[in-house]
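S.K.:
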Amino acid sequence: MSEHIIAFILGIVEGLTEYLPVSSTGHMILVGHLLGFEGDKAKTFEIIIQLGSMLAILFLFWKRYLSLFNFKTIGKPEKKLDIVHIILGIIPAGIAGVLLHHAIKKYLFADYIVVITLILGAILMIFAEKKKTAITAETVDDLSYGQAFKIGLFQCLALLPGFSRSGSTISGGLLVGANHKASAEFSFLVALPVMVGATGLDFVSSLHSLHASDFSLFAIGFITAFIVAMIVALVFLQLIQKIGLTVFAYYRILVAVLFTIFVLL
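Using our numbering, read the sequence shown as starting at 1292 and increasing by one per residue.
1. Which one of F1360, G1385, Y1310 and I1382 has the shortest CA to CA distance from D1373?
2. Quick check: the Cα distance between G1412 and S1455, rounded to an integer number of angstroms?
3. Tell me, please, whether the segment 1541–1554 touches the segment 1333–1341 by the rule of three or more beta-carbon pairs shorter than 8 angstroms.
4. Please check the pair G1488 and G1388, which I expect to be a contact at CB under 8 angstroms, by giving their CB distance rounded to whole angstroms.
5. Could you tell me the alpha carbon to alpha carbon distance between F1400 and L1466, rounded to whole angstroms?
6. With 16 as the cutoff for other CB atoms within 10 Å, does S1474 come out buried or exposed?
7. Go ahead and label T1308 buried or exposed: buried means 16 or more other beta carbons lie within 10 angstroms of its beta carbon, across all protein chains shown.
8. Using the Cβ count rule (16 or more neighbours within 10 Å means buried), how would you classify A1503?
9. Where does the unbroken alpha helix (DSSP H) through H1502 begin, and where does it stop?
10. State the start and end residues of the unbroken alpha helix (DSSP H) segment that holds D1402.
11. With DSSP collapsed to three states, give me the class of A1439.
12. Pick helix, strand or coil for A1428, following the three-state DSSP scheme.
13. Just list the residues that DSSP pairs A1469 with in beta bridges.
14. Let me know if H1295 comes out buried or exposed under the rule of 16 or more other beta-carbons within 10 Å of its beta-carbon.
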């Protein structure tokens, strides 16, 4: 199989899984292993196509991001998502990421860790569905500063490869009184700045692996991930209120089993 076809397949995988609560890391490792696309070039490729997924969220929510800087609404009695919500939502993972980034990359990107976190993430999602509290935030604009910060604490779990950023933050949202759609939208909004920081660090450290001859390979993966991630994010926001997290939790367990069979054994 040519590398360009592999790039297209992995671009689809990245776009499908980055914003679903199923762990893009676990899927990329599993599919990359099955396709025989591993090593330094594969790691750099994964960083590039993740940038494509990030751009999709910026493209979809650019008006919302601009509205966050309406400083006249900050601290006012009327409810409206503002920049303070986003800052509170990213501070915990931002601090933890800066302090632990090197250690996580060095010690926690082992295959067996991904299997464990896939299952732990599934347990959290099932627990959140069963123990979710009374809804006080029907939309993302109804979130309080306290709820934003608590969801940010849950986002710290996403620093563990295989846990899933959207899975942890949506679970956190349910447990602090937000409904599925509000939790998912806030998850997308706070994911971008955290991912920019984490991916930016990885990108700088991987510059030595970039070669002009690989431009078409990276371009195919980047564009594919961008388009697929945009479609998936839109569909997911419409469906999450109806289907909840449990179906994704069971799917994660299935992926953990497949991961064990095809990667670990």
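Each residue gets a CB set at the ideal place from its N, CA and C atoms; glycine is no exception. On a predicted model such as this, the values are computed, not experimentally measured, just so you know.
M.R.: Straight from the coordinates:
1. Position 82 of the sequence shown, counting from 1, holds the residue named residue 1373. The residue with the shortest Cα to Cα distance from D1373 is F1360.
2. Within the sequence shown, residue 1412 is the residue found at index 121, counting from 1. Within the sequence shown, residue 1455 is the residue found at index 164, counting from 1. Cα to Cα, the separation comes out at about 7 angstroms.
3. no
4. Numbered from 1 along the sequence shown, position 197 holds the residue referred to as residue 1488. Numbered from 1 along the sequence shown, position 97 holds the residue referred to as residue 1388. The pair is a contact, with the Cβ atoms about 6 angstroms apart (cut-off 8 angstroms).
5. Here residue 1400 refers to the residue found at position 109 of the sequence shown. Here residue 1466 refers to the residue found at position 175 of the sequence shown. So the alpha carbons of these two residues sit roughly 28 angstroms apart.
6. In the sequence shown, counting from the first residue as 1, residue 1474 sits at position 183. So S1474 counts as buried.
7. Against the sequence shown, residue 1308 aligns to sequence position 17. So T1308 ends up on the buried side.
8. Residue mapping note: residue 1503 aligns to position 212 of the sequence shown, counting from 1. Exposed, by the Cβ-count rule.
9. Here residue 1502 refers to the residue found at position 211 of the sequence shown. H1502 -> no alpha helix (DSSP H), and no H or E assigned at all.
10. Counted from its first residue, the sequence shown places residue 1402 at position 111. Start and end: D1402 to K1422.
11. Here residue 1439 refers to the residue found at position 148 when the sequence shown is read from its first residue. In the structure shown, A1439 sits in a helix (DSSP, three-state: H, G or I).
12. Along the sequence shown, read from residue 1 onward, the residue named residue 1428 stands at position 137. Of the three classes helix, strand and coil, the one that applies to A1428 here is strand, per DSSP.
13. By one-based count along the sequence shown, residue 1469 stands at place 178. DSSP, once it has assigned bridges, lists A1428 as partnering A1469.
14. In the sequence shown, the residue the question calls residue 1295 occupies position 4. Answer is exposed; the Cβ neighbour count stays below 16.
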